[in-house]
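J.: Residue numbers (this note's numbering), protein chains in the order written: chain X, 1 to 114; chain Z, 115 to 227.
Beta carbons are placed, not taken as given, at the ideal position from N, Cα and C, and that holds for glycine.
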Amino acid sequence: GAGVSQSPSNKVTEKGKDVELRCDPISGHTALYWYRQRLGQGLEFLIYFQGNSAPDKSGLPSDRFSAERTGESVSTLTIQRTQQEDSAVYLCASSPQPSGSPQYFGPGTRLTVL
Amino acid sequence: SQQGEEDPQALSIQEGENATMNCSYKTSINNLQWYRQNSGRGLVHLILIRSNEREKHSGRLRVTLDTSKKSSSLLITASRAADTASYFCATDAPDTGRRALTFGSGTRLQVQP
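#1: Using a beta-carbon distance cut-off of less than 8 Å, what residues from the segment 207-222 of chain Z approach chain X?
#2: So what does DSSP say about residue 167 of chain Z, is it helix, strand or coil?
#3: Between residue 107 of chain X and chain Z, is any beta-carbon pair separated by less than 8 Å?
#4: Cβ of residue 156 of chain Z less than 8 Å from any chain X Cβ?
#5: Is it a yes or a no for the segment 20-39 of chain X touching the segment 130-141 of chain Z, going by three-plus beta-carbon pairs under 8 Å?
#6: Take residue 205 of chain Z as the anchor and find which of Z:121, Z:183 and Z:213 has the nearest alpha-carbon.
#7: Taking residue 100 of chain X and residue 144 of chain Z to be in contact with their CB atoms under 8 Å, please state how far apart those CB atoms are, rounded to whole angstroms.
#8: Just verifying my parser: in three-state terms, what is the DSSP assignment at residue 192 of chain Z?
#9: Would you say residue 31 of chain X lies against chain Z (beta-carbon separation less than 8 Å)?
#10: Closer than 9 Å, Cβ to Cβ, to anything on chain Z: give me those residues from the segment 41-65 of chain X, in chain order.
#11: Determine the direct distance from the alpha carbon of residue 166 of chain Z to that of residue 11 of chain X, and round the result to whole angstroms.
#12: Among all the DSSP beta bridges, which residues are the ones paired with residue 201 of chain Z?
#13: Just the chain X side, please: which residues come within less than 7 Å of residue 145 of chain Z by C-beta, in chain order?
#14: Under the assumption that residue 162 of chain Z contacts residue 102 of chain X (Cβ atoms under 8 Å), give the Cβ distance between them as a whole number of angstroms.
#15: Does chain X have any CB closer than 8 Å to the CB of residue 115 of chain Z?
#16: Hey, residue 185 of chain Z and residue 138 of chain Z: beta-carbon distance below 8 Å or not?
Here's what the structure looks like:
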């Protein structure tokens, strides 16, 4: 089947605007993760969804960041009032189990805040 | 340093040589994974080693895990130009309750043809 898909692949926005990033996980994968990767750096965990459990939001850097997931399907990451430091690649991953299994990554959304 | 720190940060070798990357971590783990990333986009899972395993092979990849030293190594044998990428280790953290993986900052591997 298809892998994890993300849209848009690139997003350029002006400081102060809101953006919404989308992730379509692999069908049947119960766990979904959002990460942020700044240029030349590793991945920062943002938020984790597992089935109908309350999401783990401990990685969200500020209250401008929020995410939702509909059941075990699509997830959207919303960044309000974007700042230049929000510029990064936002990566989504899904896995069939909550832990102990590989994560399958989407191609990412490159966000540039001018 | 953070959980999952790779060493070296950058490595340049000739095609045909072996490449060794190391990863250190701080807390107890259930498993450690290695991922590869091309051009700053999506990561691809390479190999997973569990805490009760010491060595694992997959094709030209060999991973070792030393839980007493909280370290792992990734060996790529007979490297090819196509192996040029960034390589990340990632660990779980069962004692913290966090389900997401913690990634290191990566090793940038350049294989010269």
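T.: The answer reads as follows:
#1: Listed by position along the chain: 208, 212, 213, 214, 215, 216, 217, 218, 219 and 220.
#2: DSSP places residue 167 of chain Z in the coil class of the three-state scheme, outside both helix and strand.
#3: So yes, residue 107 of chain X belongs to the interface.
#4: Interface with chain X (8 Å Cβ-Cβ cutoff): residue 156 of chain Z is included.
#5: No, the segment 20-39 of chain X does not touch the segment 130-141 of chain Z.
#6: Of the listed residues, the one whose Cα sits closest to residue 205 of chain Z is Z:213.
#7: Their Cβ separation, rounded to whole angstroms, is 6 Å, which keeps residue 100 of chain X and residue 144 of chain Z in contact under 8 Å.
#8: Coil at residue 192 of chain Z, not helix or strand.
#9: Using a Cβ-Cβ cut-off of 8 Å, residue 31 of chain X counts as an interface residue toward chain Z, since at least one Cβ of chain Z sits closer than that to its own.
#10: Answer set for the segment 41-65 of chain X: 41, 42, 43, 44, 45, 46, 47, 48, 50, 56, 58 and 59.
#11: Each residue's alpha carbon lies about 43 Å from the other.
#12: In the DSSP output, where bridge partners are listed per residue, residue 201 of chain Z has Z:150 and Z:221.
#13: Contact of residue 145 of chain Z with chain X by beta-carbon distance below 7 Å involves 100.
#14: Here residue 162 of chain Z really is in contact with residue 102 of chain X; their C-beta atoms are around 6 Å apart, less than 8 Å.
#15: Note on residue 115 of chain Z: pLDDT 34, under 50, position unreliable in the model; no value is reported.
#16: Cβ distance < 8 Å, so residue 185 of chain Z and residue 138 of chain Z count as in contact.
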